[in-house]
RNA sequence: CGGGGCGUGGCUCAGCCUGGUAGAGCGCUGCGUUCGGGACGCAGAGGUCGCAGGUUCAAAUCCUGUCGCCCCGACCA
């Protein structure tokens, strides 16, 4: 503990340089690295396990709410994308386009694209248009509705600047696409899936979120309304962690999703779409980790426990390994949160201190040391990653209480994140205070500053754009009354009346 | 697409200005001593200096071109 105060495992610290700290944490935890392909990342096993856990939990929730998985093509004909005008505007700039189907060896000894496609194909940046095309075929009658489908897939958005997990040219996600007979039903679906995301973020990622609606400027291209969950990272910036879109009849009209209703009248369906991506992994990293590296919420952790055999002398190796192996088997037999505990037994021939630090940096919730002294007293020595606390337990007692211990870590992480968010959320009622709140002391290299500002707003879309341009601040969402109760007041920017406060922040 | 910077063992970089045929630290391999919070010693392996031209007796170093990457801005889950 004394040592930790002198030197942290991750350099620089959050305070010194937050963006660089983030990169170093991802690297030190072996979650992912950049790839030879510009803007694309390689997700390594320890990071991919997180995504697998996210998938497992969410997939269950989707099934429980009546959805089924399917898979649609990676390639979207250019003409499909052209069908919805706003959609085109939103995505055209970041599309990867496939124009040829064959390579031929040229005289220069290099491969050249040979036969041009009749119609260029777009690598999907999202699938509304192609799924709409299929739904149009599938839907004839009101009896065919609703359609409730999800797909787990990769998508490509040719971003100019990328950061591991937070923004990459290719990323993994799920996209739910539903079609309904009535507007009301589609709205219920849109809100329901937002609640699924919010519940997942808080109860599994231990990441508190504010549910709300996007303003026009931040809305999904082609949507009537975009709902979102917004989380606060440790640099006090907002991260949009998930979105659920009410698409109205826009895409149904563009794709021709029509049905005969009970009165025999032809109508357009009402559609929704909703998604979360590998960005969630980045959110988890930035919500919980400290200057010694990653901290994983137990419910999604790549593994829950690592057993570190302590072998001071060769002649105790067999005994220690035997006890460690037995403990591993016992722990794996524990069903926690619906699944068997994932337990690593690290018997690599590395010096103890270095090995220990590797696991700290990888964020594993519990580290269990077993050496001759512990065996003599039938104990294990347990360290928790979130608090750094260390305690000796009788072996049997540890196995019995490990679930409770993990639960306590999970709860502590959520509580800590909530407290942090609360500490950096302020109600602001004057323009000066607002600007002051979001102005860093050092403009060249902005320090961690600001947070969430709850302020009244009655400005226009242009006013909002100006705010973003001048102060890098945006309206993250118009929050749900459940999360932040409505309260009328006066907009400090325009002096006009406002029905409620909205959430302002700098964002990712 | 604008403005900066950089390409040298696996990684981070020095060497370049003032040409003479390549270095350090970390990592890696082996041996020994260590081992309950980031060990140390010794011995090794590993690079046609991004690529292509040019100048020169001689190029990592000078010149021209080219490719790629990073940072800052406009755009975004």
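Residue numbers (our numbering): 17 to 524. Just so you know, even glycine gets a beta-carbon here, dropped at the ideal spot from N, CA and C. Note that the structure is a prediction, hence the values are computed from the model and not measured.
Could you check which residue in 344, 161, 317 and 251 has the C-alpha nearest to that of residue 274? 161
Less than 8 Å between the CB of residue 103 and some heavy atom of the ligand ZN, yes or no? This structure lacks the ligand ZN, and indeed carries no ligand of any kind.
Is the Cβ-Cβ distance between residue 110 and residue 491 less than 9 Å? no
Residue 444 and residue 384 look like a contact to me (Cβ under 8 Å); what is the Cβ gap, rounded to whole Å? Rounded, the Cβ-Cβ distance is 47 Å, inconsistent with contact.
Across which residues does DSSP place residue 472 in a beta bridge pair? 517
Would you tell me roughly how many angstroms separate the C-alpha atoms of residue 222 and residue 297, rounded to the nearest one? 12 Å
Please report the straight-line C-alpha distance between residue 295 and residue 159, rounded to a whole angstrom. 37 Å
Let me confirm a value: residue 58 is counted as buried when at least 16 other C-beta atoms fall within 10 Å, else exposed. Which label applies? exposed
How would you label residue 304, buried or exposed, when you count the other beta carbons within 10 angstroms and need 16 or more for buried? buried
Ordered list of alpha helix (DSSP H) runs contained in the stretch 235-274, each at least 4 residues: 266-271
Ordered list of alpha helix (DSSP H) runs contained in the stretch 420-457, each at least 4 residues: 447-453
Would you give the residue range spanned by the alpha helix (DSSP H) that residue 277 belongs to? Careful: residue 277 lies outside any alpha helix (DSSP H) and carries neither H nor E.
Start-to-end residues for the beta strand (DSSP E) that takes in residue 320: Note, residue 320: premise wrong, no beta strand (DSSP E); not H, not E.
What's the gap between the Cα of residue 408 and the Cα of residue 140? 53 Å
Whole-angstrom C-beta distance between residue 247 and residue 224, which should lie under 8 Å: 7 Å
Could you give the residue range of the alpha helix (DSSP H) that holds residue 226? Run containing residue 226: none in the alpha helix (DSSP H); it sits in the beta strand (DSSP E), 226-229.
Answer with buried or exposed for residue 315, where buried requires no fewer than 16 other C-beta atoms within 10 angstroms of its C-beta. buried
Would you call the stretch 376-393 and the stretch 318-335 in contact, with 3 or more CB pairs under 8 Å? yes
What's the gap between the Cα of residue 513 and the Cα of residue 438? 26 Å
Give me the residue from 378, 498 and 114 with the minimum Cα distance to residue 40. 378
Please say whether residue 260 and residue 206 have beta carbons closer to each other than 9 Å? yes
Kindly indicate which residue of 307, 156 and 121 has the alpha-carbon position closest to the one of residue 30. 307
Do residue 80 and residue 168 count as a contact pair if the criterion is CB distance below 9 Å? no
Under 8 Å by Cβ, that's how I've got residue 415 and residue 347 pegged, so tell me the actual separation to the nearest angstrom. 6 Å
So, with DSSP's three-state summary, where would you put residue 27? coil
Spatial neighbours of residue 114 within its chain, please: C-beta separation below 6 Å, excluding the five flanking residues on both sides. 137
Rounded Cβ spacing between residue 86 and residue 26 (contact assumed at less than 8 Å): In fact, because the Cβ distance is near 41 Å, the residues do not count as touching under 8 Å.
Examine the Cβ distances between the stretch 441-456 and the stretch 360-380 and report whether three or more of them are shorter than 8 Å. no
Who are the Cβ neighbours of residue 55 in its own chain at under 7 Å, not counting the five residues just before and after it? 175, 178, 184 and 185
Between the Cα of residue 34 and those of 53, 250 and 237, spot the shortest distance and give me the residue it belongs to. 250
Please give me, in chain order, every unbroken run of the beta strand (DSSP E) with length at least 3 that falls completely inside the stretch 171-238. 186-196 and 226-229
To the nearest angstrom, how far is the alpha carbon of residue 359 from that of residue 432? 26 Å
Please classify residue 153 as buried or exposed, where buried requires at least 16 neighbouring CB atoms within 10 angstroms. exposed
Which residues mark the beginning and the end of the beta strand (DSSP E) in which residue 71 is found? Premise fails: residue 71 lies in the alpha helix (DSSP H), 61-80, not in any beta strand (DSSP E).
Strictly by DSSP, which residues pair up with residue 399? 383 and 406
Compute the beta-carbon to beta-carbon distance between residue 343 and residue 396, rounded to the nearest angstrom, for a pair I have assumed lies under 8 Å. 7 Å
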